[in-house]
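Listed in order, the protein sequences are those of chains P and D. Just so we're aligned: the first sequence equals residues 41 to 287 in my numbering. Just so we're aligned: the second sequence equals residues 152 to 770 in my numbering.
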Amino acid sequence: MLSQSEKLIEKKRLLNLPVLERPMTVRLKFRKVGKLQYISHLDLRRTFNRVIVRACLPVWYTKGFNPHAKLVFSTPLSVGAQSVYEFLDIRIDRQMDCREIMDRLNRELTDELYILDTYLPTSDFSEITWASYDIEICSKGLKEESVGEIRRTLTESPLLLSKKTKSGEKEIDIIPMIHSLKVSYDSMSNTVKLSAVLKATTGEYLNPELLITGLKQNNQILQGDPTEEWYTILRTAVMKDDFSLFI
Amino acid sequence: MNKNISSILKTVSKPGRYSGGEYGQIIKNKEDVKLRFAFCFPDTYEIGMSNLGVRILYGVLNEEKDVWCERVYDPWMDMQQKMREHGLPLCACESGDPLTDFHIVAFTLQYEMSYTNVLNMLDLAGIPLRSEERGDEFPLIVGGGPCAYNPEPVADFFDLFNIGEGEEMLPELCRLYIQMKEEGRYSKAEYLHEAARTIPGIYVPSLYQVTYHEDGTVRAYTPIYDDIPTKITKRIIKDMDRAYFPDKVVMPYIETVHDRVMLEVFRGCIRGCRFCQAGIIYRPVREKSPDVLNEQAKCLFEFTGYDEISLTSLSISDYTHLEELTDQLLEWTDENMVSLSLPSLRVDSFTKELMDKIATVRSSSLTFAPEAGTQRLRDVINKNVREEDLLRAVNVAFEAGKNTVKLYFMSGLPTETYEDIAGIAELASHVIDAYYRCPSRNKAKKPQVTISVSCFIPKPFTPFQWEAQDTLESLAEKQEFLGSKITDRKIRYTHHDAKVSRIEAVLARGDRRLAPALELACREGFMFDAWDECFDYDRWISVMERTGVDPAFYANRQYGLDEVLPWDIIDCGVSKDFLRRERDRAYAGNTTPNCREHCSGCGANKLGGEQTCCPKAKN
């Protein structure tokens, strides 16, 4: 037989929580890894909308024709990239402490999409200027010398790549948007590891995928059987313009 | 061993369809289960994930501790190309294991145009297409769903079919499989015989020999064993209140076609429109109680967090407790920002009270299905809807500020004349007139009426099952004629491709001799034939020509009333006599009252059922 409608009863209880004078913003730091890397930003938003309802959070709804919860994400992640450093700001209109918000959400999530921290924000997403990434490439023909070749491709301006913009395809030089780059080779796994800090403002955003595109074009990598050659992209942090961690 | 497909997923469209990992998916340890079941939906993930039947059966099967049921969808063309290029077989969502690792691979047959996808999926999985080519080492291939009511065109490819509702039948199939394996007496041949003999509703096509007359019609179906049924009677779930209900569902991350809670209110339909297969094969009507439905809706809302609940059933306004149910739901849906939606509204039941309750803010359009343009033809098809009903219904909508209405029609119906076609255009302009006559209309907006016209397809187990489909030429002429009748730019006119409907008619009324054509179609790479961008009529005709199939024999021929029909091997509960009586009434222009007004003795009450309007069967 069906379980009692626990959540609806719970919701009724939550309706009696002390009402806040003004809606309060709560910041969620989360990771999006593994299979979830294939979920687009739009689908992620849809998913969070439902997760918030499932978690019975006292979210504030817009007062309008079509009431909806206000969700504000930090710099979007492209499909195929993972991250352990994502943010979502939500607004609540009743008192609930951050720990409880996190616990409630995580009960409705899987390991691959998981809340890491919850707190009241003191910064604004517009302050995000840089994003750091770990990129791993496994491809035939990689060797110790590849490190130098890869570094050369990604540091010698110009590296012109076509980028889709609102006004069609555009050739851009991506080198000025790469702040720093570390390259290393691991002979045990035959992988090259890159650590890069890339521009990540709304106006100037370098998609880490473009680094791969550049390497494919210039370094003859990832040209073989795609079931044996692969690469991963992991966003490890986002930073302010002085390279301090954005929190 | 699963290959690393991450590089491939990064290059295909919507990779979220293939990555799995959804919240709510069921993971079991494959070492701990005795039977692995792959439930395949032969179309894309977005369509398959929206299917309520799959959700139910996925839950039912996974209730069995020693069975693990996983989902499989048909990869889109770009993904298939990569898979074939790199030798990657079709895999299940949960484990990522290839279909050949499974014991039972089941396909739900929701529409005929998905048959090529079924074969294509088998091929992609490296499983031989024909049942006779598959030995004990291959999984059993099982079919079910509405198209299994005439399974003959695909009979050679399946080992067995489930006829009717699967909630009890599928677990029984699994139990028998496990039992025979444990007793060490499993072989495919033994199992098929045992299933046909002991489990009601199971049709094993290879155990029935079909002979044909010289003119190509069926002579007889002969069982090859004495102890299996000569006719397979469909299974139903008698008490819907006690039927299995999935209180957990797999939550897709990507957008699917029906991204909402689907609440099945009842099965069957009291109406009996004479072209409608669903209205016959799901009989008898069996309702759920409002209290049960309300609890189930709450439960699903809590698990999913969806913001919309759709009450799904064939003609939802015929539910006897609709008001009670919507009132109960509205007690908690409003405050939780959940809206209600009711698809399939009949114009004669559409009232202001009802409209106020359903999702009105999100869409400004309403859809009705008068199906035919004149009262004469609506009586022939037993639609039991009058023009006044339609105009009253649209008036309710216009008064509430709506300005767009969508109307569904069918062309090529039996007895149809050009007057009936012209009637479609006239009806549409009467709706426009109604808008301007409505004093409280939204004066800032112009009315917009969309008429969408599909082609009549004679379907098995309908009073029109014997009818010939209009020829392509005739359908095209009618479509053009209707176009010429529509001069008002406030009326938008769309129609279905008659060519697709013709192939669908062939597959719907076909017999086993279609197998070579389908097999050749698969070899030549046919897939996604339900998708406009993939369907190619000339290639279909070519495939049929080369395999000796005459499409006109199946689509455009008037089947004899005394002819043995390919689907006569199946008993859907409704008698052939009833269908024949209904056909006579159609030609006489007489309507038949709905089941609740008066029982017309269709015969489905012999199947039993709780909360039904059928009289108890005598026996």
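All residues carry an ideal CB built from backbone N, CA and C; glycine is no exception.
Just to confirm, are I155 of chain P and T115 of chain P a CB contact at a threshold of 8 angstroms? no
Where do the N-terminal and C-terminal ends of the alpha helix (DSSP H) with T193 of chain P fall, by residue? 186-195
When you compare the CB of K75 of chain P with every CB in chain D, is at least one pair closer than 8 angstroms? yes
Between which residues of its own chain and S170 of chain D is the CB-CB distance below 8 angstroms, once the five residues before and five after are set aside? L160
Across which residues does DSSP place E221 of chain D in a beta bridge pair? D:A189
In the structure shown, what three-state DSSP assignment does E294 of chain D receive? What sits at residue 294 of chain D in the sequence shown is Gly, not Glu. Residue state, collapsed to three classes: strand.
Distance cutoff 8 angstroms, beta carbons only. Does H472 of chain D sit that close to anything in chain P? no
Closest to R731 of chain D by CA distance: which of D:F396, D:P374, D:R425 is it? D:R425
Mind pulling the chain P residues with CB within less than 7 angstroms of W483 of chain D? L48
Where L97 of chain P sits in the DSSP three-state scheme: coil
Among the candidates D:H749, D:S580, D:C325, D:N487, whose CA atom is the shortest distance from the CA of R643 of chain D? D:S580
Boundaries (first-last residue) of the alpha helix (DSSP H) holding A548 of chain D: 538-550
Under a CB-based cut-off of 8 angstroms, is R171 of chain D close to chain P? The amino acid at residue 171 of chain D is misidentified as Arg; the sequence shows Gly. Cβ-Cβ to chain P under 8 angstroms: yes for G171 of chain D.
Ignore the nearest five residues each way along the sequence and tell me which others in L285 of chain P's own chain have a CB closer than 7 angstroms to its CB. A277, M279
Does P441 of chain D have its Cβ less than 8 angstroms from a Cβ in chain P? no
Please report the straight-line C-alpha distance between P717 of chain D and T267 of chain D, rounded to a whole angstrom. 20 angstroms
Decide if the segment 70-88 of chain P is in contact with the segment 131-141 of chain P; the criterion is three or more beta carbon pairs, one per stretch, under 8 angstroms apart. no
For the segment 398-431 of chain D, list every residue whose C-beta sits within 9 angstroms of some C-beta in chain P, in sequence order. D398, M402, P403, Y404, I405, E406, D410
Hey, how far is the Cα of C298 of chain D from the Cα of G264 of chain P? 43 angstroms
Scan the segment 353-383 of chain D and note each continuous beta strand (DSSP E) run of 3 residues or more that stays entirely inside, going in chain order. 359-363, 369-374
Going along the chain, which unbroken runs of the alpha helix (DSSP H) with 4 or more residues stay wholly within the segment 98-185 of chain P? 138-147
Buried or exposed: which applies to F127 of chain P, given that a residue is buried once 16 or more other Cβ atoms fall within 10 Å of its Cβ? buried
Under 7 angstroms by beta carbon: chain D residues contacting R86 of chain P: E406
Counting contacts by CB-CB distance shorter than 8 angstroms, is E167 of chain P in contact with chain D? no
Could you tell me whether the Cβ atoms of V657 of chain D and P611 of chain D are closer together than 8 angstroms? no
Residues near D680 of chain D by beta carbon distance below 7 angstroms, same chain, minus five either side: M264, T267, F686
Taking R736 of chain D as part of the alpha helix (DSSP H), name the residues at either end of that continuous run. 727-738
Report yes or no: is there a C-beta of chain D within less than 8 angstroms of the C-beta of E209 of chain P? no
Does G574 of chain D pass the burial test, meaning 16 or more other C-beta atoms within 10 Å, or should it be called exposed? buried
So, does the CB of G812 of chain D fall closer than 8 angstroms to a CB anywhere in chain P? There is simply no residue 812 of chain D to check, as chain D begins at 152 and stops at 770 in what is shown.
Whole-angstrom distance between R434 of chain D and F729 of chain D, CA atom to CA atom: 13 angstroms
List, from N- to C-terminal side, the beta strand (DSSP E) runs of 3 residues or more that fit wholly inside the segment 442-513 of chain D. 459-463, 490-492
When you check each C-beta in the segment 705-736 of chain D against every C-beta of chain A, which residues fall closer than 9 angstroms? Absent from the structure: chain A. Protein chains present are P and D.
Hey, is R90 of chain P's beta-carbon within less than 8 angstroms of any beta-carbon in chain D? yes
Opposite G315 of chain D in the DSSP bridges: which residues? D:R386
Answer with buried or exposed for M678 of chain D, where buried requires no fewer than 16 other C-beta atoms within 10 angstroms of its C-beta. buried
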